Amino acid sequence: MEDAKQLVVAIARVLSAAVEMHDPYTAGHHERVAELTRAMGWELGLDVESLEKLYIAALIHDVGKIGLPVEILGKPCVLERNEMKLIKMHPVLGYNLVRKAGLPQPIPEVIYQHHERLDGSGYPRGLKGDQIILEARVLAVADVVEAIVSNRPHRNALGLEAALYELSKNQGKLYDPRVVQVCVKLLSGERKGFLLSASPRISPDS
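Residue numbers for the sequence shown, in the numbering used here: 3 to 208.
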């Protein structure tokens, strides 16, 4: 049974690497998001099985981007409306891929929901509040933090302070306040280096 779990994680890492080959600006993103997501889930009291599934979902949360054009993913300027519409399809594509592959819930649903926001302004379904499962709320926060502190095609890394400000400003509106509190604890207290040590691209002063 343990061998089977390790195989699933290994396959998830292969898929994650495939996404990063397709979209080089996300190199290391999925592993960092997965580690932060798992730590947050632990702090929130998720059981071992739930943590394992959440970790796998986080590793492959952007797997749907494999189905998107490389030139859009790496475009060094703000996307056009039609291009953004395509980008917003990646949770749907990812959900369909992992569901057809037979990965157990909530992995497909976490991938489907990781861009949803509490106020309904997210995508692809515009879910609100409790319609968004806890695991997806956790992944959403980790994904946002890592994206802000990392370089992107159209901008340089904004730094940890910018990420923490984003969470503080929008907790209760976009992000689950309890999840935000846990994330801030991990990144501000004794474990301040938790995310920062993951990559030389991430710096609190960047």
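We treat Cβ as the ideally placed atom computed from N, Cα and C, and that holds for glycine. Here the structure is a predicted model, which means the values were calculated and not measured.
May I ask you to report which of helix, strand or coil DSSP gives residue i?
i	result
K130	strand
Q107	coil
D145	helix
Y114	helix
D5	helix
Residue i: which of the options sits nearest, CA to CA?
i	options	result
G96	G104, P110, L88	P110
A149	A138, L136, A164, I135	A164
K67	Q183, E4, A41, V100	V100
D132	L88, G161, G174, Q107	G174
R180	R127, A36, L120	L120
H63	V151, N158, G30	G30
I135	Y177, L162, K102, K171	Y177
H92	L17, Y114, K77	Y114
A60	P106, V35, G43	V35
Can you have a look at residue i and say buried or exposed, based on whether 16 or more other CB atoms are within 10 angstroms of its CB?
i	result
S190	exposed
L169	buried
S199	Confidence is the limiting factor: at S199 the pLDDT is only 47, short of 50, which leaves the residue's position unreliable, though a coordinate-based value still follows. The residue is exposed, with fewer than 16 neighbouring Cβ atoms inside 10 Å.
L188	buried
G124	buried
E51	exposed
Measure the Cβ-Cβ separation of residue i and residue j and say whether it is below 9 Å.
i	j	result
V112	L70	no
L128	E118	The identity of residue 128 in the sequence shown is Gly, whereas the question assumes Leu. Yes, Cβ-Cβ distance for G128 and E118 is below 9 Å.
V186	L166	yes
E54	K7	yes
G43	Y57	yes
Problem set entry | Whole runs of the alpha helix (DSSP H) within the stretch 26-55, excluding any shorter than 4 residues | Counting whole runs of 4 or more residues, the stretch 26-55 contains the alpha helix (DSSP H) stretches 31-45.
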